[in-house]
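Okay, so here's the structure we're looking at.
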Amino acid sequence: MRNGRDDVIEIDLLQILLEFKKRIWIILAAMILGGGLAGAYSVFALTPQYTSSAMVYILSKETTLTSLADLQIGSQLTLDYKVIVTSRPVLQDVIHNLGLDMTYRQLAGRLKIDNPTNTRILTIAATDPDPETAKKIVDEVASRSADYIADIMEMAPPKIIETGEVPTEKTSPSNTKNAMIGALAGMVLVCGLITLEVIMNDSVRTEEDVVRYLELSVLAAVPVRENETAEDKEAMAKNKPASSDQHGKNRAPEKRRKS
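In terms of the numbering used here, the sequence shown opens at residue 3 and continues consecutively.
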């Protein structure tokens with residue numbers, strides 16, 4: 003509410019909560035509508051994505067870890083290999099060998115390289131709308147990166163522990179998650195509009211509003227009769243003078259006829 007004394011907007015949280023309670027059905031309808039639209043968009047508009055993964059052990063049989071320094075070197079090599087796997091030469095070879103219609107940057111965006119904690123293993127994951135293509139990509143990336151690492155580091159290639167498999171379930175999108183996000187967005191939108199309406203409403207509706215905003219004391223209040231709304235009372239107050247005048251006009255001719 004806007005305070006006329008210093009033009010400061012005061013927010014009555016209780017009043018806003020009461021408005022939420024009065025319009026709970028509108029809020030629920032917005033949640034259902036938002037969730038339905040988001041869920042339908044997720045089902046019919048978004049392309050399902052499938053992910054296949056492979057694992058590579060980055061230390062070859064020629065590498066020995068005999069000291070803490072060797073362990074630290076192994077950890078550093080893991081970070082280096084994560085960069086090499088998504089390097090341009092490796093990805094361009096993958097695109098050429100598989101005949102993919104994409105750039106190496108687009109292919110890099112479909113790859114995810116992870117290093118499980120306290121291991122010398124790289125997990126390579128590839129995502130694609132086609133499950134078979136996802137498996138082919140991850141296998142080829144693992145093979146080509148191992149050969150490239152061996153060539154760059156002048157060592158035996160890292161060993162591929164696990165090749166990819168054809169995924170049977172999609173990894174994205176999550177229709178349930180998108181529907182929940184849509185429902186939440188619908189609720190937030192409607193609640194925001196209700197809050198804005200309450201804040202921008204400068205009308206005086208209660209005795210407390212008279213004291214707070216007009217700095218006047220309330221001497222009397224006319225209660226609303228049973229089954230009568232505030233709008234009915236206002237309409238009656240507006241029509242009362244007109245009815246009295248009309249009644250007076252109707253009585254005047256009767257007096258003249260009597261005389």
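Note that CB positions come from ideal geometry on N, CA and C, so glycine has one too. The structure presented is a predicted model; accordingly, all values stated were derived computationally and were not measured.
Check	Outcome
Close beta carbons around Pro169, own chain, < 7 Å, minus the five adjacent residues each side	Tyr52, Thr53, Ser54, Pro133 and Ala136
At least 3 beta-carbon pairs within less than 8 Å: the segment 177-192 vs the segment 30-41	yes
Nonlocal neighbours in the same chain, by C-beta distance under 8 Å from Leu70, ignoring five residues either side	Because Leu70 carries a pLDDT of 42, less than 50, the predicted location of this residue cannot be relied on, and the following value inherits that uncertainty. Taken in chain order, the list of residues that qualify is empty.
Beta-carbon proximity check, Ile115 vs Lys84, cutoff 8 Å	yes
Outcome for Arg122 when other beta-carbon atoms lying within 10 angstroms are tallied against a minimum of 16	buried
CB contact flag (Val2, Val87, <8 Å)	In the structure as shown, the chain begins at 3 and stops at 261. Residue 2 is therefore absent and cannot be evaluated.
Member of Gln94, Asp82, Trp27 and Leu16 whose CA lies at the smallest distance from the CA of Asn117	Asp82
Helix, strand or coil at Thr68 according to DSSP, with G and I counted as helix	Confidence is the limiting factor: at Thr68 the pLDDT is only 48, short of 50, which leaves the residue's position unreliable, though a coordinate-based value still follows. Looking at Thr68 - three-state DSSP - the assignment turns out to be coil, as it is neither helix nor strand.
Outcome for Glu92 when other beta-carbon atoms lying within 10 angstroms are tallied against a minimum of 16	Strictly speaking, residue 92 in this sequence is Val, with Glu absent from that position. By the 10 Å Cβ count, Val92 comes out buried.
Status (buried if at least 16 other CB within 10 Å, exposed otherwise) for Asn180	buried
Local conformation of Ile60 per DSSP, three classes	coil
Span of the beta strand (DSSP E) around Glu164	Lys161 to Glu164
Strand pairing of Tyr52, partner residues [DSSP]	Asp130
Buried versus exposed, by CB contacts within 10 Å (16 or more), Lys138	buried
Paired residues, beta bridge with Ile123 - DSSP	Tyr59
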